[in-house]
Every structure is written in C-alpha cells, then in structure tokens.
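As structure tokens, the structure follows; a few thoughts come after it.
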Amino acid sequence: MILIKSASALVQHLRQSSATGKTIGFVPTMGALHQGHLSLLEASKKGNNCTVCSIFINPTQFNDPKDFEKYPVTIDKDIELLENLGVDILFLPLATEIYPDGTNNLEQYDLGVLESVLEGRYRPGHFQGVCQVMNRLLDIIKPDNLYMGQKDYQQCLVIGKLLKLTGKATSLHICETLREADGLAMSSRNLRLNPTERKQAVAISIILKRICQSAQPGPLQPISSAAEQALSEQGFKVDYVAIADAGTLEVPEEWDGQTPMVALAAAYLNEVRLIDNMIIPAIK
Ligand code: AMP
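Take 17 as the starting number for the sequence shown in the working numbering and just add one per residue.
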C-alpha cells in the first residue's frame with residue numbers, strides 16, 4: 017500500500033493509473049476503521065483495479081465541536097488493517113491539503129429537502145460540510161466508483177445529489193450495514209460507549225427491526241412516536257425515530273404499503289450520538 021499525504025502527489029499518481037486503463041474505486045472514511053469500512057473496501061477491490069481509501073476527520077461536517085474533539089483516532093491500527101486487506105492507496109491528508117484556502121467561504125450546495133429533514137434538521141450545516149469534503153476528494157481522485165454505507169442513509173442520498181449537481185461521472189454504490197452479533201450497527205463512535213452503554217445501544221436496532229416487521233399500510237406517526245417513547249424509557253435522548261419515503265426522505269402521514277420506506281433513528285446515550293436505519297420494502 018502506498019501512503020500519500022499530498023493532494024498533488026495523489027493526482028499525479030492516479031493520472032498514471034487512469035492512463036493505463038485502470039478503474040479507480042474510492043472509499044472515503046474518517047478512520048477508526050471497523051468491519052463495516054472494510055466491507056466497502058472489499059467491494060471496491062472486487063470492482064476496480066485500484067482502490068483508494070481516505071482517512072480524514074473533516075472539521076466542516078461537525079456541528080458539535082465536542083464531537084469533533086472526541087472523534088476516535090486509531091491510525092496505526094487502521095494502516096495495519098488497510099495493508100492486510102491489500103488496499104492500493106491510503107490518502108491521509110492534513111486539513112490544508114483539503115482546504116488550501118481555509119474553511120471560510122466554502123461552496124454551499126442546494127440539497128433541497130435533504131438539508132432540512134432528519135439529520136439535516138438536527139445537525140445544521142453537517143451535509144454542507146460533507147459535500148465540501150466530498151467534492152474536493154472527488155475532484156482529486158476522480159474515481160470511477162464510489163462506495164458508501166447505507167448506515168448513513170441520508171448521506172448516501174446527499175452524495176447522490178452532489179454527483180448530479182456537479183455533473184460528475186462517478187457511480188455511487190450503496191453497501192449494506194454491517195452489524196455486531198447482537199444487531200448494533202458498527203460505528204467508529206461505538207468505541208466511545210462504556211460497557212453499560214454498549215449493552216443499552218442495541219435497543220436502536222431492535223426497535224427499527226420491530227418497526228420493519230410490523231409495518232402495515234396506514235398512519236405512521238403513532239408507530240414512530242411509540243418507538244421514540246420506548247427508546248426514551250430505555251435511557252436514550254432521542255432526536256428522532258421516523259418512517260420516511262426511501263427515495264426522498266419525506267415523511268408522509270400514511271403509508272400506502274407500496275412505496276419503499278425506511279425507518280431511521282438518531283439518539284444519544286449520554287454524550288454519544290448513534291444513528292441507524294432499516295428499509296421497509298413494499299408489501300407484495
Ligand atoms: P465514517 O468513517 O463513519 O465517515 O464512514 C465511512 C464510510 O463507512 C461511510 O460511507 C459509512 O456509511 C460507512 N459505514 C459506517 N459504518 C458502517 C457499517 N456498519 N456498515 C457498512 N458501512 C459503514
């Protein structure tokens with residue numbers, strides 16, 4: 017694996033790969049790698065001749081400075097995992113490589129309703145930051161294929177929109193969420209949970225699974241409210257539980273049983289904010 021820290025060196029290196037007809041797969045991450053990240057890298061390795069992984073804790077996407085400060089860093093272990101997996105290139109930039117002109121006056125993107133619902137509502141500015149870093153990374157790497165996790169469902173829709181807005185030719189591949197044995201979605205932030213919180217955390221996936229299994233056409237609000245209440249009773253500070261249109265993330269009053277939906281939740285266990293989601297397919 018080649019470790020590259022400079023954007024210009026990476027551009028130069030990848031230009032040679034593209035010139036020889038190699039396809040480039042890209043997996044952006046913020047490090048503290050787990051099996052979920054590795055599954056994206058495996059998908060990229062299967063579909064491309066050259067796989068690039070980036071590790072960059074992007075300051076512009078953190079609406080909460082404490083979350084940024086406490087974001088886990090395990091870089092030596094990450095490098096070992098990437099080496100063992102046979103990733104071709106690790107891009108490990110400093111902020112000055114990503115934001116050479118600083119972080120003031122960065123581009124703003126018209127993300128429509130995606131910016132004002134769910135994560136957009138509870139994390140103001142978050143998706144602008146995600147688009148700012150992703151647009152820069154995509155401009156540097158120009159991947160044929162981009163691999164992202166369904167775990168961050170709304171982020172996948174936002175990046176789909178960014179690709180359209182900026183006319184990029186990259187194909188987005190959304191990969192399934194990897195879970196711990198008890199069902200908790202793998203996440204770098206799980207490292208911040210103490211043993212008691214770790215046991216409690218599984219409740220989010222249990223509640224989402226219950227919603228998916230019991231979903232029936234009809235009003236949605238009572239179902240999401242009951243789920244919010246159940247999580248609160250189990251010690252979470254709930255931002256939302258919502259059942260939304262899987263394509264737009266709009267939340268209809270009633271489900272017609274035919275539109276694919278997604279159940280999403282975001283909740284804090286003390287300081288740690290966890291998110292998860294599960295798809296509710298149309299009823300046959
Ligand atoms: P992050 O390092 O949290 O920014 O995540 C980098 C990428 O890994 C994003 O596309 C995430 O959606 C994806 N990812 C995070 N957790 C999981 C998981 N449990 N399963 C699959 N992909 C994941």
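Think of the CB as a built atom: it goes at the ideal place given N, C-alpha and C, for glycine as much as any other residue. Since the model is a prediction, treat every value here as computed from it, not as a measurement.
Alanine 25 sits exposed, since fewer than 16 C-beta atoms from the chains shown fall within 10 Å of its C-beta. Distance from glutamate 270 to leucine 236 at the Cβ level is roughly 7 Å; contact confirmed, criterion being Cβ atoms closer than 8 Å. For the pair glutamine 32 and leucine 57, the Cα-to-Cα distance works out to about 21 Å.
A straight-line Cα-Cα distance of about 13 Å links lysine 86 and asparagine 74. With contacts defined as CB atoms closer than 8 Å, valine 89 and alanine 48 qualify as a contacting pair. About 30 Å separates the Cβ atoms of leucine 224 and threonine 186, ruling out a contact at the 8 Å cut-off. Selection Ala243, Leu101, Lys38 evaluated against isoleucine 157 yields Lys38 as nearest (Cα-Cα). Tyrosine 138 and lysine 167 have their C-alpha atoms some 17 Å from each other. The DSSP-derived three-state label of valine 218 is coil. For histidine 189, the CB stays at least 7 Å from every heavy atom of ligand 1. Per DSSP, asparagine 286 lies in no alpha helix (DSSP H) and is assigned neither H nor E.
Distances between the C-beta of lysine 167 and the heavy atoms of ligand 1 include at least one below 7 Å. Contact between alanine 262 and isoleucine 295 holds: their C-beta atoms lie close to 6 Å from each other, under 8 Å. The continuous alpha helix (DSSP H) containing threonine 112 extends over residues 111–114. Just measuring C-alpha positions, the residue of Leu265, Asn121, Phe252, Val257 sitting nearest lysine 177 is Leu265. Taking 4 residues as the minimum length, the alpha helix (DSSP H) runs contained wholly in the stretch 37–74 are 51–63, in order along the chain.
Residue range 18–20 is occupied by the beta strand (DSSP E) that includes leucine 19. For glycine 136, the enclosing alpha helix (DSSP H) covers residues 135–138.
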